[in-house]
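Presented below is the structure to which this report refers.
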Amino acid sequence: GREQAELTGHRLASLGLKFDQIIHSSMTRATETTEIISKHLPGVKKISTDLLREGAPIEPDPPVSHWKPEAVQYYEDGARIEAAFRNFIHRADAKQEEDSYEIFVCHANVIRYIVCRALQFPPEGWLRMSLNNGSITHLVIRPNGRVALRTLGDTGFMPPDKITRT
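Numbered by the numbering used here, the letters in the sequence shown go through residues 78 to 243 in order.
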């Protein structure tokens, strides 16, 4: 995981973008990943939040047999993950004059759910996507509200022997 985070940090730095902040899950693995990535992006503010913690966002459709959380988990986690979406995924303030770039370091279930919601796809389809560890998903929100998914789970910058998923 640490080597993947190093590679991800290097890749993000190589993009030449001025990142405004890194918002990360308060879970240990996301916090550690953020620390490694941020070494490649000096001066970028880091914000920890419980809203981005891993969880079960919504019951997947179609259902799967290999993962069956308790029903209460969907209610607890789902409300929190939906709050993360509503809090962080929105168009820029009308007064903003330059593009802004934010990095979110969190977990596959959260990312997949947010991508579905942002693209106005049925959120129950979140488990149909697969994400590699340390991958980069690039979501664009234009001032007029149009949303585009530039990349989903990009790990093309990693050597094949470093690509994993959990």
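The beta-carbon is built from N, C-alpha and C at its ideal position, and this holds for glycine as well.
In the structure shown, F181 falls within a strand segment according to DSSP collapsed to helix, strand and coil.
According to DSSP, residue pairing for T228 in a beta bridge involves H215.
A straight line joining the alpha-carbon of G230 with that of R242 spans about 11 Å. Between the beta-carbon of P137 and that of E201 there is about 6 Å, and that keeps the pair under the 8 Å contact cut. Just so you know, the alpha carbons of H117 and F96 end up roughly 11 Å apart. Assignment of H87 by DSSP, reduced to helix, strand and coil, places it in the helix class. DSSP lists no beta-bridge partner residue for I158. Put simply, the backbone Cα of A107 is about 15 Å away from that of I158. Note that the C-beta distance between G233 and T85 is not below 7 Å. Under the three-pair Cβ rule at 8 Å, the stretch 184-194 counts as touching the stretch 118-136. In the three-state scheme derived from DSSP, where H, G and I count as helix and E and B as strand, T110 is classed as helix. Put simply, the backbone Cα of L216 is about 17 Å away from that of N209. Excluding sequence positions up to five before and after S125, its CB lies within less than 7 Å of the CB of H101, S103 and T108, all in the same chain and listed in chain order. The residue among L92, D238, P119 and M235 with its C-alpha nearest the C-alpha of I99 is P119.
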